[in-house]
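Asks: Below are the structure tokens for one structure; questions will follow.
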Amino acid sequence: MTVSFRNLSRLLAAIAILLAPALQTTALHAQDWVRTGSGLSNQRIRIAAADFKPVGNDPQTPEFKTIFDATLFSDLSNAGVFDMVSKSMAPTATPGSPQEISLPQWAADPANASMVALGALSVTNGRLTVSGWVLDAKNPASPPVLGKQYGDAASQDNARAIAHRFADDIIARLSGMNGIAETKIYFVSARSGTKEIWAMDYDGQNEHIVTRLGSTSLSPRISPDNTRVAFSSIGKEGWAIRMYSLELGRMVAFPGGAAGGSNFSPAWSGDGSKIAFSSSRSGDPEIWVADSTGGNLHKLTSFHGPDVAPTWNPKTNSQIAWVSGRTGLPQIYTMDADGANIQRMTDGGYAISPSWSPSGQFLSFSWNRKYGPGAPGGQDIYVMDIASKRWLQLTHDAGSNDYPSWSPDGRHLVFERAIGGRTEIWTMLADGTEQHQLTHSGKDFMPNWSWK
Amino acid sequence: MKSGNRILTCLVLLAAVVGFAGCKKKTPPPTSTAPEINAPAPTAQLTATPTTVTAGDQVVLSWRTSNATSISIDGIGDVPSSGVKTVTPSESTSYHLVARGDGGSADATARVTVNPVQNAVAVNNDMSSSNLTEEEQFKANVQDIFFDYDSYDVGSNASGALSKSAAFLAQHPNIKVLIGGYCDERGSNEYNLTLGQSRANSAKNALVQAGIAENRIRVVSYGKEKPFCTESTEECWQQNRRAGFSIDR
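Chains A and B supply the protein sequences, listed in that same order.
Taking the numbering used here, I'd label the letters of the first sequence as residues 1 to 452.
Taking the numbering used here, I'd label the letters of the second sequence as residues 1001 to 1249.
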């Protein structure tokens, strides 16, 4: 069979023309697999959050109302599932109930809302009461999509907490997934002089110290049931895995965490029954697993070189990803929870700090792909699809980034970013967009997002 | 008490580093010759840390160049455009770096003064005649060792220092040793803590192989949590990639 040169070149030109748009589309939508896998690709619901109506004449009401309105708007914006109607485009009305709203006003341009959140807030005898509704703006005749009442002691913290609860109820009702507005972030801060474990709300509010050990405490990991924080701390016997009870407000025993050698980077299994960590009690730093009560220890890895930073597949609890320096520079590996079936995930550079997504589909980690003396590589956050090992870089040209940790909804990551000697906690959506700085002390490290 | 020693060590080292940084500023600017039109002239910097040592001790050479295509250090040969290298000069040496590029050439020199071994001999000959305290003798004979970038292998450069340490410890069987593993500021705290552990383990294993009883040696990793030097420079990073020895009380 012969094809003339002219025909061949025509054919090639035709193929090129056909392929051009396809290639362009691929480039434009490089983030699609991450967006799909993390639930960020769904059509965003356009929602307006009306300012709440202050009821009664308690002098504290306006202050709490301001906090509540700002927190609710911020929570819905942060969720990653809504297209928010900006306050400047929304009607200035503050309807206190479904009877007081003129929905066509909110459905019309420029607000063009599909949904409206509204309600009333009052303070009576030191008690804060909030009534909240969500209405379908395009179907004024239909009953409320959501209607709830919340109450708690009147305080700024509770005004924020109730806004978080209402936001999570809205997110659950409209997106079908649990929201993250009531979640916490545990982290290390040196702002008190020594590195201690701290906690804050997911939006950076309400920062407070948890431990006061006066040594150096690192790698906090909150238990799946929010009752205990495991971390690594240096004492007179070296580095030990230690445990703080949030219910008792004090340290509790974790017997297996201090048996000689250095012990680092604890990780809870998704069912809360086990803790994996790095220990050099047998000489070389290896990955060990203990029951969450600190007993029944066994070693998973046996290879010369550092092994550290385990993270469980929270979906199955049957796999662990971790960092190993067995071939030189640290790389990300996965293995079964019994230590078998070791797979290397990264193909070079300096890869550290893996975090397994709640769906089990992704790993996020910190990677410097061009690591070496004199190399200009940056330490950036990446997300990898485990089955295909396809990866996407989420941070670019902004400091040194480390310790990504997934939010329980799988749509967000919290991470550490160091710029010019100042290290802060940041969040972003799982596709790298909407990056926000949460802390401002310059001495904040190693964030860990709570499981609920 | 242990932390007191460590703080003292840190202060001394910090002072050394600050003093060294001061010296660096007095280094004459790199000389450049006949730059060609349109090609930028190369620049070159070379430093040695520390600048005065006892024979057998390690010295860290650190260099940085720009606009150069060929860089060499006399006695070492061709080197990358920037980097660090550990050397163990047996006598006082001037290290001379030449960087050549399309825009000409530049050179830089770093001088290291090497003193003959004295303390060790005095101690070896007659311990009781020495006026040094046990602490001072330890400091003089058991010296920290340094590691290459991301490595926990004890290099041949450190073997002299480790033999000297082992000889001293063999003569002082009552002294227990604490080996601290340290890393530079780059990379993750968690990984660096295990790397520091591996460095301290390597140093311990070298001493055990030299005949020191394992139960006299305790290791702890400080990762990058307790740096000796806090600047973001290659010199400083090399200072922090070490196994540090102190008396374990």
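Glycine is no exception: its CB is placed at the ideal position from the N, C-alpha and C atoms.
Only a predicted model underlies this, so the values are computations on that prediction, with no experimental measurement involved.
Suppose the cutoff is 7 Å on Cβ atoms and the five residues either side in sequence are ignored; what does the same chain contact list for K299 of chain A look like?
Replies: S282, E286 and W288
Asks: Ends of the beta strand (DSSP E) at Y382 of chain A?
Replies: For Y382 of chain A, the enclosing beta strand (DSSP E) starts and ends at D380 to D385.
Asks: Is the segment 1221–1228 of chain B in contact with the segment 1149–1163 of chain B, if contact means three or more CB pairs nearer than 8 Å?
Replies: When Cβ pairs closer than 8 Å are counted between the two stretches, the segment 1221–1228 of chain B is seen not to touch the segment 1149–1163 of chain B, the count staying below three.
Asks: Just grab the DSSP bridge partners of A199 of chain A for me.
Replies: A:Y186 and A:H208
Asks: Do you know whose CA, among B:S1081, B:P1080, B:Q1137 and B:G1101, lies nearest A1042 of chain B's CA?
Replies: Here residue 1042 of chain B turns out to be Pro, not Ala, going by the sequence shown. For the residues B:S1081, B:P1080, B:Q1137 and B:G1101, the minimum Cα distance to P1042 of chain B belongs to B:G1101.
Asks: Within a Cβ cutoff of 7 Å, which residues of the same chain sit near L218 of chain A, ignoring the five residues on either side of it in sequence?
Replies: V188, K195, F231, S232 and M446
Asks: If contact means a Cβ-Cβ distance below 8 Å, which residues of the segment 305–337 of chain A contact chain B?
Replies: Taking 8 Å as the Cβ-Cβ cut-off, the segment 305–337 of chain A approaches chain B at G305, P306, D307, V308, A309, V323, G325, G328, L329 and P330, given in chain order.
Asks: Determine the chain B residues that contact P285 of chain A at a beta-carbon separation under 8 Å, and present them in chain order.
Replies: T1194, Q1197 and S1198
Asks: If the cut-off is 8 Å on Cβ atoms, which residues from the segment 213–231 of chain A count as contacting chain B, listed in chain order?
Replies: T216, L218 and S219
Asks: Bridge partners for E416 of chain A per DSSP, in chain order?
Replies: Beta-bridge pairing links E416 of chain A to A:D402 and A:I425.
Asks: Count the other CB atoms within 10 Å of the CB of P21 of chain A; is the residue buried (16 or more) or exposed (fewer)?
Replies: In this prediction, P21 of chain A has a pLDDT of 45, which is less than 50 and means its spatial position is unreliable; nothing more can be read from the coordinates.
Asks: Hey, A159 of chain A and T293 of chain A: beta-carbon distance below 9 Å or not?
Replies: no
Asks: Per DSSP, what are the beta-bridge partners of L1178 of chain B in this structure?
Replies: B:R1218 and B:S1246
Asks: Of the residues A:A276, A:D291 and A:T327, which one's Cα is nearest the Cα of A321 of chain A?
Replies: Ranking A:A276, A:D291 and A:T327 by Cα distance to A321 of chain A puts A:A276 first.
Asks: Under 8 Å, with one C-beta from each stretch per pair, do the segment 305–322 of chain A and the segment 335–353 of chain A reach the 3-pair mark?
Replies: yes
Asks: To which residues of the same chain is A90 of chain A closer than 6 Å at the C-beta, ignoring the five residues directly before and after it?
Replies: Once the five neighbours on either side are set aside, the close Cβ partners of A90 of chain A are A48 and A111.
Asks: If you reduce the DSSP assignment to three classes, tell me which class Q1238 of chain B lands in.
Replies: helix
Asks: Given a threshold of 16 other Cβ atoms within 10 Å of its Cβ, counted over all protein chains shown, does S1156 of chain B qualify as buried or as exposed?
Replies: exposed
Asks: For chain B, find out if any of its Cβ atoms is closer than 9 Å to the Cβ of F264 of chain A; answer yes or no.
Replies: yes
Asks: Here's a check: name, in chain order, each residue in its chain whose Cβ is nearer than 8 Å to the Cβ of G295 of chain A, leaving out the five neighbours to either side.
Replies: P255 and G256
Asks: Output the distance between the C-alpha atoms of A290 of chain A and D444 of chain A, rounded to the nearest integer angstrom.
Replies: 29 Å
Asks: Flag F415 of chain A as yes if its beta-carbon sits less than 9 Å from any beta-carbon of chain B, otherwise no.
Replies: Not closer than 9 Å to any Cβ of chain B, the Cβ of F415 of chain A fails to qualify, so no.
Asks: Considering only residues of the same chain and omitting the five flanking positions on each side of V85 of chain A, which have a CB-CB separation below 6 Å?
Replies: A48, A111 and A113
Asks: Would you mind reading off the limits of the alpha helix (DSSP H) that contains N158 of chain A?
Replies: The continuous alpha helix (DSSP H) containing N158 of chain A extends over residues Q156 to S175.
Asks: Output needed for S364 of chain A: all residues of its chain with C-beta closer than 6 Å, excluding positions within five of it in sequence on either side, in chain order.
Replies: Closer than 6 Å at Cβ, skipping near neighbours: S355, V383, P404 and L413.
Asks: What are the boundary residues of the alpha helix (DSSP H) that W451 of chain A is part of?
Replies: Where W451 of chain A is concerned, there is no enclosing alpha helix (DSSP H), given that its DSSP letter is neither H nor E.
Asks: Counting only beta-carbon separations shorter than 9 Å, does I1007 of chain B have a partner in chain A?
Replies: Note that I1007 of chain B scores 48 on pLDDT, short of 50, meaning its location in the model is unreliable; the coordinates nonetheless yield the value given after this. No - not a single Cβ of chain A is within 9 Å of the one on I1007 of chain B.
Asks: Quick one: Cα of D32 of chain A to Cα of R390 of chain A, how far?
Replies: 12 Å
Asks: Taking 8 Å as the threshold, find out whether the segment 153–172 of chain A comes into contact with the segment 98–105 of chain A through three or more Cβ pairs.
Replies: no
Asks: Checking contacts by CB at 9 Å: is F254 of chain A closer than that to chain B?
Replies: no
Asks: Output the distance between the C-alpha atoms of H436 of chain A and V229 of chain A, rounded to the nearest integer angstrom.
Replies: Their Cα atoms are separated by approximately 25 Å.
Asks: Is the Cβ of S233 of chain A closer than 9 Å to any Cβ of chain B?
Replies: no
Asks: Less than 9 Å between CB atoms is the rule here; does G1187 of chain B satisfy it with respect to chain A?
Replies: yes
Asks: Take R1064 of chain B as the anchor and find which of B:V1098, B:S1090, B:T1052 and B:T1051 has the nearest alpha-carbon.
Replies: With distances taken between Cα atoms, R1064 of chain B lies closest to B:V1098.
Asks: For the pair the segment 114–123 of chain A and the segment 35–47 of chain A, tell me if three or more CB-CB distances fall below 8 Å.
Replies: yes
Asks: Give the interface partners of I352 of chain A over in chain B, defined as CB-CB distance under 8 Å, in chain order.
Replies: Going along chain B in sequence order, the residues near I352 of chain A (Cβ under 8 Å) are G1187, S1188, E1190 and Y1191.
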